[in-house]
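Chemist: Just so we're on the same page, my numbering is the position in the sequence shown counted from 1, plus 1.
Even for Gly, the Cβ is constructed at its ideal location relative to N, Cα and C.
Let me give you the structure first, and then I'll get to my questions.
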Amino acid sequence: MHWAHKLAEEVIKRNPNKEEYVCAAGISPSGSVHIGNFRDIATSYYVVKALRKMGKKARLLFSWDEFDRLRKVPSNVAPICLDFDKYLGMPYALIPDPYKTHGSYAEHNEKEFEESLEELGIDVDFRYQAKKYMNGDYVDGIINAIKKRKEIYDVLMEYKTQDSDEGERENYYPLNVYCQDCGKDTTKVISGSDDGEEITYTCKCGATHTVKVREYHMIKLVWKVDWPMRWGYEGVDFEPGGIDHAAASGSFVVASDIARKVLGVEPPLFQGYGWLSIAGLGDMHSSTGNNITPATVMKVYEPDMIRWLFAKYEPKAGFSFNFDDTIIRHYSEFDKGLEAYKNGEADEYNEWVYDLAMLDGNKTRSKVPFGVLSSVATIVDFNPVAVKEILAKVGVEFSDNDKVRLERVKNWITVHQPGKLYKLLKAKNQEFYDTISDEEKVAVKKLYEYVTTSEVIGEKDVQQYLYSLINDVNLTKKENMQRQQRFFKVFYNLLFGTDMGPRLYLFLAAIDKKEYAELLNF
Numbered sequence: 002m003h004w005a006h007k008l009a010e011e012v013i014k015r016n017p018n019k020e021e022y023v024c025a026a027g028i029s030p031s032g033s034v035h036i037g038n039f040r041d042i043a044t045s046y047y048v049v050k051a052l053r054k055m056g057k058k059a060r061l062l063f064s065w066d067e068f069d070r071l072r073k074v075p076s077n078v079a080p081i082c083l084d085f086d087k088y089l090g091m092p093y094a095l096i097p098d099p100y101k102t103h104g105s106y107a108e109h110n111e112k113e114f115e116e117s118l119e120e121l122g123i124d125v126d127f128r129y130q131a132k133k134y135m136n137g138d139y140v141d142g143i144i145n146a147i148k149k150r151k152e153i154y155d156v157l158m159e160y161k162t163q164d165s166d167e168g169e170r171e172n173y174y175p176l177n178v179y180c181q182d183c184g185k186d187t188t189k190v191i192s193g194s195d196d197g198e199e200i201t202y203t204c205k206c207g208a209t210h211t212v213k214v215r216e217y218h219m220i221k222l223v224w225k226v227d228w229p230m231r232w233g234y235e236g237v238d239f240e241p242g243g244i245d246h247a248a249a250s251g252s253f254v255v256a257s258d259i260a261r262k263v264l265g266v267e268p269p270l271f272q273g274y275g276w277l278s279i280a281g282l283g284d285m286h287s288s289t290g291n292n293i294t295p296a297t298v299m300k301v302y303e304p305d306m307i308r309w310l311f312a313k314y315e316p317k318a319g320f321s322f323n324f325d326d327t328i329i330r331h332y333s334e335f336d337k338g339l340e341a342y343k344n345g346e347a348d349e350y351n352e353w354v355y356d357l358a359m360l361d362g363n364k365t366r367s368k369v370p371f372g373v374l375s376s377v378a379t380i381v382d383f384n385p386v387a388v389k390e391i392l393a394k395v396g397v398e399f400s401d402n403d404k405v406r407l408e409r410v411k412n413w414i415t416v417h418q419p420g421k422l423y424k425l426l427k428a429k430n431q432e433f434y435d436t437i438s439d440e441e442k443v444a445v446k447k448l449y450e451y452v453t454t455s456e457v458i459g460e461k462d463v464q465q466y467l468y469s470l471i472n473d474v475n476l477t478k479k480e481n482m483q484r485q486q487r488f489f490k491v492f493y494n495l496l497f498g499t500d501m502g503p504r505l506y507l508f509l510a511a512i513d514k515k516e517y518a519e520l521l522n523f
């Protein structure tokens, strides 16, 4: 059974007669939203799809936590706005956009991600938390938290090692107040009315104000109270989060206690998820600018593939978006599974995976393998007409449907793997040829004779010939593999001046021999 199916069944079991189920997700737009954050929304989205597949009404509720404070200046923003640190402590939604393209810093980061969600085919019911707070939608929840502040304090202290302090308990307020003078949350609530309708706060800027909670809408509940308040407000049934939230004293555990013991709200079903990484980049964080966004990933990974990866791996399993040769394996595995799915040969789990992942379902057209395209595209500077002609020589059909994948191959190689931009040498590499052994020189001569005397050569023909030329029947498989590496290195250096190159047998069969044969003629 697929993991989304299991979670959907559990959601229904907890509340079997609910008219519409709400699966939530949320992100703070502290910077460009990275692909790791997409797991939050993907996990909920697939549970929504599973519920719908089971005949239930469900929606995906996504919250932009844009009323959170700016905690640090992202590294990619600092060079653009040298004094951006002056906004530290202000809510993202009220900070000017340093790129000057949107109404606020929050909106800039939000729209970038929302455009990616649209391209990924994710239907979302958005909530903008700054608007919700500033419209006064949560004012009853805020007043209730003020009135029950001591009970909230008692729950929080159950998860702390120090003893409860009566003075601290008396002065505890679960609020972040943005100062009406400086706009920052460098404030402290010093008193409040018993009915929770009025508070007095001071600020580090020197201001002191008494405000009516129903009128002053620059007040935000602290995270572990804000979260359960919204569960009750929106009627949330399921919400995922990082695995750290579900730790013994993690945010979800504490928030759940506050929900049940203080607010009278039943917490949603929770699913922790593992972290994603990008090879060579390390852990991703929006607030530092150290991230790769979904838009960046989609320049090399097709939307269906991104959806497939998130559907394939159970939430707790971490995985990587690798921009090295692993991407070829990803595409190969995806294509192979897609064909099995289309032919009705996929097992139950993978049928669910592709049902959840594919934007066009089993009507999705097959494409030329990513590895094949990457082997020939660089030779003709990614020209689709030339690629089509080359592939036709080896019996591979290239259609307009494949042009989008070719463009992703181009982006992958030119941006992330420029070392794969192989170009044929313009003259013989005599200097290198003089360094190779007599046995290797004989192999070069035989390869030259083979390609020039054979009228038509196919990819498999060349592959068989190369291995018959290189392999020694008296050696072990491991020893022959070492010989193959050595001889291929020779051929690549004579053709491209590098130790590596495109798939050699495909190249030799597909490219006009007149373009390369003389490079092997010594």
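At what residues does the alpha helix (DSSP H) containing A5 begin and finish?
Modeler: Taken as a continuous stretch (DSSP letters only), the alpha helix (DSSP H) holding A5 covers W4 to R15.
Chemist: What first and last residue would you give for the alpha helix (DSSP H) that runs through W413?
Modeler: Taken as a continuous stretch (DSSP letters only), W413 belongs to no alpha helix (DSSP H), as it is neither H nor E.
Chemist: On the criterion of 16 or more Cβ atoms from any shown chain inside 10 Å, does T454 qualify as buried, or is it exposed?
Modeler: By the 10 Å Cβ count, T454 comes out exposed.
Chemist: Pull the bridge partners of R128 from the DSSP assignment, please.
Modeler: Note: R128 sits in a beta bridge opposite S64.
Chemist: Who are the near neighbours of E108 in its chain, counting only those whose CB is closer than 6 angstroms to its CB and skipping five residues on each side?
Modeler: Answer for E108: no residue qualifies.
Chemist: In chain order, which continuous runs of the beta strand (DSSP E) of length 3 or greater are located wholly inside the segment 293-363?
Modeler: Fully enclosed beta strand (DSSP E) runs of 3 or longer: 320-322.
Chemist: Specify the secondary structure class of Y106 as computed by DSSP and reduced to three states.
Modeler: Correct three-state label for Y106: helix.
Chemist: So the alpha helix (DSSP H) Q272 belongs to, where does it begin and stop?
Modeler: Not the alpha helix (DSSP H): Q272 falls in the beta strand (DSSP E), residues L270 to Y274.
Chemist: Are the segment 16-26 and the segment 232-241 in contact at 8 angstroms, needing three or more beta carbon pairs?
Modeler: Yes: the two stretches touch, three or more of their Cβ pairs being nearer than 8 angstroms.
Chemist: Ends of the alpha helix (DSSP H) at I220?
Modeler: No alpha helix (DSSP H) holds I220; the beta strand (DSSP E) holding it covers I220 to L222.
Chemist: Using 8 angstroms as the Cβ pair cut-off and three pairs as the minimum, do the segment 382-389 and the segment 40-53 touch?
Modeler: The segment 382-389 vs the segment 40-53: no contact.
Chemist: Which residues does DSSP pair with L176 in a beta bridge?
Modeler: Note: L176 sits in a beta bridge opposite L222.
Chemist: Tell me, please, which residues DSSP counts as bridged to H210.
Modeler: In the DSSP output, where bridge partners are listed per residue, H210 has Y202.
Chemist: Is the beta carbon of A318 less than 8 angstroms from the beta carbon of G372?
Modeler: No; because the gap between Cβ atoms is not below 8 angstroms, this pair is not in contact.
Chemist: Which residues bound the alpha helix (DSSP H) around A43?
Modeler: Unbroken alpha helix (DSSP H) run through A43: F39 to K54.
Chemist: Work out the CA separation of D435 and K490 for me, nearest whole Å.
Modeler: If you take the alpha carbons of K490 and D435, they lie about 14 angstroms apart.
Chemist: With a threshold of 16 other CB atoms inside 10 Å of the CB of I307, please say whether the residue is buried or exposed.
Modeler: It counts as buried.
Chemist: Could you spell out the range, first to last residue, of the alpha helix (DSSP H) harbouring E440?
Modeler: That run of the alpha helix (DSSP H) goes D439 to T454.
Chemist: Indicate whether Y179 and V190 have their beta-carbon atoms separated by less than 8 angstroms.
Modeler: Not closer than 8 angstroms, so no.
Chemist: Quick one: is the Cβ of P99 within less than 7 angstroms of any heavy atom of the ligand PLP?
Modeler: Here there are no bound small molecules, and the ligand PLP is not part of this structure.
Chemist: For L495 and V377, what's the separation of their Cα atoms in angstroms?
Modeler: Each residue's alpha carbon lies about 18 angstroms from the other.
Chemist: With DSSP run on the structure shown, which of helix, strand or coil describes L476?
Modeler: If DSSP states are grouped into helix, strand and coil, L476 belongs with coil.
Chemist: By a C-beta neighbour count over all protein chains shown, 10 Å radius and 16 as the cutoff for buried, is L83 buried or exposed?
Modeler: L83 should be labelled exposed.
Chemist: Quick check on this structure: which residue in G168, G193 and G104 has the alpha carbon closest to the alpha carbon of I144?
Modeler: When only C-alpha atoms are compared, the closest one is G193.
Chemist: In this structure, how does DSSP classify K524 when only helix, strand and coil are distinguished?
Modeler: With the chain represented from 2 up to 523, any question about residue 524 goes unanswered, as that position is not in the structure.
Chemist: Would you mind giving the Cβ-Cβ distance between A146 and P175, rounded to the nearest angstrom? I have them listed as a contact below 8 angstroms.
Modeler: Right, the Cβ-Cβ distance comes to about 5 angstroms (below 8 angstroms), so this counts as a contact.
Chemist: Smallest Cα separation from K221: which of G137, T327, K300 and T211?
Modeler: For K221, the nearest C-alpha among the options comes from G137.
Chemist: Going by the beta-carbon positions, is the gap between A312 and A358 smaller than 8 angstroms?
Modeler: Closer than 8 angstroms, so yes.
Chemist: Would you kindly report the start and end of the unbroken beta strand (DSSP E) that includes V23?
Modeler: Its beta strand (DSSP E) spans residues Y22 to I28.
Chemist: Can you give the Cα-Cα distance for K478 and V369, rounded to whole angstroms?
Modeler: Cα to Cα, the separation comes out at about 31 angstroms.
Chemist: I'd like the span of the beta strand (DSSP E) that includes L121, first residue to last.
Modeler: Unbroken run through L121: none, as it is neither H nor E.
Chemist: Secondary structure at S376, three-state DSSP: helix, strand or coil?
Modeler: Reduced to three states, the DSSP call for S376 is helix.
Chemist: Which residues does DSSP list as the beta-bridge partners of A59?
Modeler: A59 pairs with Y22.
Chemist: Assuming G142 is part of the alpha helix (DSSP H), what are its boundary residues?
Modeler: Unbroken alpha helix (DSSP H) run through G142: V140 to K148.
Chemist: Cα separation between E11 and V463?
Modeler: Cα to Cα, the separation comes out at about 56 angstroms.
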